[in-house]
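Engineer:
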Amino acid sequence: MIAIKDLCSRISYEMIRGKDTDCVTEVVYDSRKATQGCLFICVAGADFDGHDFVKDVIQKGAKALVVEKEVQLPEEPDVAVIKVENTRYAMAFISAAYFGNPADKMKVIGITGTKGKTTTTYLVKSILEQAGHKVGLVGTIEAIIGEKHIPAHNTTPESYVLQEYFDGMVKAGCDTVVMEVSSQGLMLHRTQGFTFEIGIFTNIEPDHIGPKEHKDFEDYMHCKGLLFKQCRHGIVNCDDAHWQQVIKDHTCDIETYGFSEDAMLRATDMKLITGKGYLGVDFQTAGLVELEAKLHTPGRFSVYNALTAIAICRHFGVTDKNIQKALLSAKVKGRIEIIKVSDEFTLMIDYAHNAMALQSLLTTLKEYHPKRLVCLFGCGGDRDRNRRFEMGEVSGRLADLTVITSDNPRTEDPQAIIEDIKTGIAKTDGEYVEICDRREAIAYVIKEGRPGDVIVLAGKGHEDYQEINGVQYPMDERDIIADVLKSGLQ
Numbered sequence: 045m046i047a048i049k050d051l052c053s054r055i056s057y058e059m060i061r062g063k064d065t066d067c068v069t070e071v072v073y074d075s076r077k078a079t080q081g082c083l084f085i086c087v088a089g090a091d092f093d094g095h096d097f098v099k100d101v102i103q104k105g106a107k108a109l110v111v112e113k114e115v116q117l118p119e120e121p122d123v124a125v126i127k128v129e130n131t132r133y134a135m136a137f138i139s140a141a142y143f144g145n146p147a148d149k150m151k152v153i154g155i156t157g158t159k160g161k162t163t164t165t166y167l168v169k170s171i172l173e174q175a176g177h178k179v180g181l182v183g184t185i186e187a188i189i190g191e192k193h194i195p196a197h198n199t200t201p202e203s204y205v206l207q208e209y210f211d212g213m214v215k216a217g218c219d220t221v222v223m224e225v226s227s228q229g230l231m232l233h234r235t236q237g238f239t240f241e242i243g244i245f246t247n248i249e250p251d252h253i254g255p256k257e258h259k260d261f262e263d264y265m266h267c268k269g270l271l272f273k274q275c276r277h278g279i280v281n282c283d284d285a286h287w288q289q290v291i292k293d294h295t296c297d298i299e300t301y302g303f304s305e306d307a308m309l310r311a312t313d314m315k316l317i318t319g320k321g322y323l324g325v326d327f328q329t330a331g332l333v334e335l336e337a338k339l340h341t342p343g344r345f346s347v348y349n350a351l352t353a354i355a356i357c358r359h360f361g362v363t364d365k366n367i368q369k370a371l372l373s374a375k376v377k378g379r380i381e382i383i384k385v386s387d388e389f390t391l392m393i394d395y396a397h398n399a400m401a402l403q404s405l406l407t408t409l410k411e412y413h414p415k416r417l418v419c420l421f422g423c424g425g426d427r428d429r430n431r432r433f434e435m436g437e438v439s440g441r442l443a444d445l446t447v448i449t450s451d452n453p454r455t456e457d458p459q460a461i462i463e464d465i466k467t468g469i470a471k472t473d474g475e476y477v478e479i480c481d482r483r484e485a486i487a488y489v490i491k492e493g494r495p496g497d498v499i500v501l502a503g504k505g506h507e508d509y510q511e512i513n514g515v516q517y518p519m520d521e522r523d524i525i526a527d528v529l530k531s532g533l534q
C-alpha cells in the first residue's frame, strides 16, 4: 500500500474528493487492468479516453482516480479524485514514485533524431559493456533487461512501462540505460519523472508529420528539443543544418560532434573499405578523443553513428582500445546487417521502409561503386500510397536492378501494392523485375548474384513476421537466406 500524497509528491494536484493520505494498492492506466484498491489514471489517447471508463474501473474496485477534466462519478464516497493539469505528465511522475524512482539509481542516456537512434543505442551498449558496465536498453526493436529481451511496441514506451523497465534493470544490476527517445515520446511526456544523464541529437529531417503525429516540421523540431531540457549533458551533431534550432532554450551543457572543423569531436580521413562479402569504413577522430576507428558497416552515416557512441562513452572513461574493439564487433539486427553468403558479392538486410531512408542507404552504397546495386523491397499495406510511388522512384533512379516484392500487405492485395510501386519506377529508366512472393524474390537475388554486386533486402529489417489480413506469419529473412543456401540455389 502506498499513500496518494507519496505518489503525487512531485506534481501539483488538487484533491476533488477524498484525502491524499488515503492509500492505494497499485497504479493502473489501462481500464481493463483495474483491480481492487488501485489508483487509476485517466489518460486520453488517440482512440480511447480513460475518463470514459471511470464507472467501469470503480466497479472493479478502484479507490482513486487521477483526472484532468470533469467526470461523472457514482455515489461511492470512498473513491478519491485527484485533479491535475495533464494526466499524461502526472502519470510519468506517479509511475516513477510507484516504482521507487529507479532511474535515479542509474545513468540514463537518451538518443533522439530522425535516423541513427537504433544503431547507436546498440553501439553504446556494446562499448560500455566492453568496459565493464551492465547496460539496459530500450528502443525500436526491443527492451533488454539483464538476459530478458522484450519485443517493442513503441520506440519509447508509455511512462508507466518505461519506469517498470527501469525497475527491472535496477533489480538486474544495471548501472546504465541507453534508450531511443522519439519525438512522440517527448511530446506525450513519456520521459518525464527523471533526468537523463546525457541527451543526444543525431539529425533531423521532415518525418512523422501528420494528423496523429506532428502538425509541421517546426513542431517536430520543438519536440525533439525537449530532451535538452530534461538532461544534464547534451551531445549534438553540429553538421545538421537544424541543430541550433533543435536545442533552442536548452538547460544543459552542450558538446558537438561531426565532420565539421568546428566540431568538438570530429571525424577525419574517412576511407571506404571493400572486402570479400562486406563493406566497411575507416576514419580518425580528433578533438575530444583521438583514435583510429574501423567499422564493418558502410558509409558516412556509419561514421556518424560511431562518433555519437564515442562522444557518449568518453563520459564514462572508456579506453580507446575498448571503443575500437566494440565498434568492430557490434551488430544491430536489421540495420545495415551484412549477411555473408559469398566472397563474390555483398548481401545486406536493412529496415529502410520509406523513400528518405532508402535514398540515404542506396546513395551511400553507390559510393562503393558496386558492379550492380540490386534493391529488393515492397511496401506495407494500409499505409500512405505516396510512400510506394516515392520508394519506387528512388529505387528506379539509384539501383541498377529493382526487385519488387511483398512486405506486410496487411488487408491489401499485394499485387495492387506492387502496381503502385511500378508507377513510381515508371518515372525513371530503372530496370526491374517483380516477384510477389518475398521468399522467391530473395532466392532470386541470391541465385542471380554476380561478382561485385551489392544486394539490399530493404523494408523488413529486424521484423521476423509478415502480416497478411491481420495475421502475423513467421518470416525472418535470415532464415530464408539460410534455407536458400542449404538448397544449393547459389
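In terms of this note's numbering, the sequence shown opens at residue 45 and continues consecutively.
C-beta atoms are modelled at their ideal positions from N, C-alpha and C, and glycine is treated no differently.
Let me confirm a value: K149 is counted as buried when at least 16 other C-beta atoms fall within 10 Å, else exposed. Which label applies?
Structural biologist: K149 comes out exposed.
Engineer: Is the number of C-beta pairs between the segment 306-316 and the segment 164-176 that are closer than 8 Å three or more?
Structural biologist: These segments do not touch.
Engineer: Which residue wins for smallest C-alpha separation from H95, given the options A78, Q116, F421 and Q80?
Structural biologist: Comparing Cα-Cα distances from H95 to each of A78, Q116, F421 and Q80, the minimum goes to Q116.
Engineer: Quick check on A399: buried or exposed, where buried means 16 or more other Cβ atoms within 10 Å of its Cβ?
Structural biologist: The residue is buried, with at least 16 neighbouring Cβ atoms inside 10 Å.
Engineer: Extract the residue ranges of the beta strand (DSSP E) inside the segment 245-305, only unbroken runs of 3 or more that lie entirely within it.
Structural biologist: DSSP runs (the beta strand (DSSP E)) wholly in the segment 245-305: 275-281 and 297-302.
Engineer: Please classify E224: is it buried, with 16 or more other beta-carbons within 10 angstroms of its beta-carbon, or exposed?
Structural biologist: Buried: at least 16 other Cβ atoms inside 10 Å.
Engineer: State the DSSP-derived secondary structure class of Y142, mapped to helix, strand or coil.
Structural biologist: Here Y142 sits in helix by DSSP.
Engineer: Kindly indicate the opening and closing residues of the beta strand (DSSP E) around F84.
Structural biologist: F84 -> beta strand (DSSP E) spans L83 to I85.
Engineer: Give the straight-line distance between the Cα atoms of Y209 and G183, rounded to the nearest whole angstrom.
Structural biologist: Taking the straight line from one Cα to the other gives about 12 Å.
Engineer: Of the residues T300, M265 and Q274, which one's Cα is nearest the Cα of Q289?
Structural biologist: For the residues T300, M265 and Q274, the minimum Cα distance to Q289 belongs to M265.
Engineer: Is it right to say A285 is buried, meaning 16 or more other beta carbons lie within 10 angstroms of its own, or is it exposed?
Structural biologist: A285 should be labelled exposed.
Engineer: Taking the beta strand (DSSP E) that T455 belongs to, which residues open and close that run?
Structural biologist: Run containing T455: none; DSSP gives neither H nor E here.
Engineer: Starting from A353, follow the alpha helix (DSSP H) in both directions and report where the run begins and ends.
Structural biologist: Element bounds for A353: R344 to C357.
Engineer: Bridge partners of F360, per DSSP?
Structural biologist: F360 pairs with nothing; no bridge assigned.
Engineer: Nearest CA to the CA of F327: which residue from V347, A141, T341 and G321?
Structural biologist: If we check each option's Cα against that of F327, V347 comes out closest.
Engineer: In three-state terms, what does DSSP make of T390?
Structural biologist: The answer is strand: DSSP assigns T390 an E or B state.
Engineer: How about N452 and E511: do their beta carbons lie closer than 8 Å?
Structural biologist: Yes, the Cβ-Cβ distance between N452 and E511 is below 8 Å.
Engineer: Looking at V500 and L442, is the spacing between their C-beta atoms short of 8 Å?
Structural biologist: Cβ atoms of L442 and V500: not closer than 8 Å.
Engineer: Tell me the DSSP secondary structure of M223 in three-state form.
Structural biologist: Three-state result, M223: strand.
Engineer: Just the C-alpha distance for S56 and V128, rounded to the nearest angstrom, thanks.
Structural biologist: About 7 Å.
Engineer: Closest to S304 by C-alpha separation, out of D297, I298 and T312, would be which residue?
Structural biologist: Considering only alpha carbons, the answer is T312.
Engineer: Which residue's Cα is closest to the Cα of Y142: K178, E186, T131 and Q207?
Structural biologist: Y142 has its Cα closest to that of Q207, out of K178, E186, T131 and Q207.
Engineer: DSSP beta-bridge partners for G421?
Structural biologist: For the sequence presented, residue 421 should be read as Phe rather than Gly. The partner list for F421 (beta bridge, DSSP) reads I448.
Engineer: Where V179 and L167 are concerned, what is the direct C-alpha to C-alpha distance, given to the nearest angstrom?
Structural biologist: Each residue's alpha carbon lies about 11 Å from the other.
Engineer: In this structure, what does DSSP give as the bridge partners for T329?
Structural biologist: DSSP output for T329 lists A311 as bridge partner(s).
Engineer: Flag this pair as touching only if the segment 104-114 and the segment 67-85 have three or more C-beta atom pairs under 8 Å; answer yes or no.
Structural biologist: As far as the Cβ criterion goes, the segment 104-114 touches the segment 67-85, which means the pair count is three or higher.
Engineer: If you draw a straight line from the C-alpha of C423 to the C-alpha of K466, how long is it?
Structural biologist: When rounded, the distance between both Cα atoms is 11 Å.
Engineer: If you draw a straight line from the C-alpha of M435 to the C-alpha of I126, how long is it?
Structural biologist: Using only the alpha carbons, I get a separation of about 49 Å.
Engineer: Buried or exposed for R432, please, with buried defined as at least 16 other CB atoms from any protein chain shown within 10 angstroms of its CB.
Structural biologist: Its Cβ being crowded by 16 or more others within 10 Å, R432 is buried.
Engineer: Can you tell me where the alpha helix (DSSP H) with Q174 in it begins and where it stops?
Structural biologist: First-last of the alpha helix (DSSP H) with Q174: K161 to Q174.
Engineer: Here's the rule I'm using: 16 or more other beta-carbon atoms within 10 Å means buried, otherwise exposed. How should A526 be labelled?
Structural biologist: By the neighbour-count rule (16 or more Cβ atoms within 10 Å), A526 is not buried but exposed.
Engineer: Please report the straight-line C-alpha distance between R132 and V325, rounded to a whole angstrom.
Structural biologist: One C-alpha to the other measures close to 44 Å.
Engineer: Which residues does DSSP list as the beta-bridge partners of P195?
Structural biologist: P195 is bridged to E186.
Engineer: With distances taken Cα to Cα, identify the nearest neighbour of G160 among G378, S531 and G493.
Structural biologist: It is G378 whose Cα lies nearest to the Cα of G160.
Engineer: Roughly how far, in whole angstroms, is the beta-carbon of G229 from the beta-carbon of Q274, given that I think they are within contact range, below 8 Å?
Structural biologist: With 8 Å as the limit, G229 and Q274 do not qualify as a contact, their Cβ atoms being about 11 Å apart.
Engineer: Write down the C-beta distance between L402 and V376 rounded to the nearest angstrom, noting that I regard them as a contact closer than 8 Å.
Structural biologist: Incorrect: roughly 18 Å between the Cβ atoms, too far for contact.
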